[in-house]
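Residue numbers (our numbering): 58 to 251.
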Ligand SMILES: [Zn+2]
């Protein structure tokens, strides 16, 4: 896929998506189950103007395919790449035997929980800091103090970042309603041992 047109050439990026089976031995009950993991591979390359345009485009595609194959191969528990490194949004499923999530799945769910709150918080923090910096260093400014609205933005931003950290730490996927975990396990997993 061609995504950017630039003055000096073209950058190419390519994405390959697919599903691979992943076999997990549950860390809680020690029984095995399988589920389909959604994996994404990416690649990119650059061609100066139209020189090597086709080759660069193909090379981005090859890189994406290789990246996909590497991640797909690692998806199996035998090579155990943690689920958060496999780039998927649908990788957390409860064990069909005991309904527990695995530790790497919990880490991923915590990381992604309310991620937009952290992004908003950091945005306000950076925006407030830039405003303060330009006010303090303004050569034509009368008083070189931080404007109150910039301080307020930074306080709100820092509070949001802290809130996301606290709420993520308190997230407990294994305590979510049992029927919801049961339904998810039934829909997404295959029982391998009884
Ligand atoms: Zn289990």
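Even for Gly, the Cβ is constructed at its ideal location relative to N, Cα and C. Since this is a predicted model, take the numbers as computed values, not measurements.
Per DSSP, residue 248 is one residue of the beta strand (DSSP E) stretching across 246-248. Under the DSSP assignment, residue 91 falls in the beta strand (DSSP E) whose first and last residues are 89-105.
Spanning the alpha carbons of residue 93 and residue 131 requires a straight line of approximately 13 Å. By the Cβ-count criterion, residue 244 is exposed, with fewer than 16 other Cβ atoms from all chains shown falling within 10 Å of its own Cβ.
Within 8 Å of the C-beta of residue 231 there is not a single heavy atom belonging to ligand 1. Ranked by Cα distance from residue 227, the options 119, 163, 100 and 148 are led by 163. Taking a 10 Å sphere around the C-beta of residue 221, we find 16 or more other C-beta atoms and assign the residue as buried. In the structure shown, the three-state DSSP call for residue 194 is helix.
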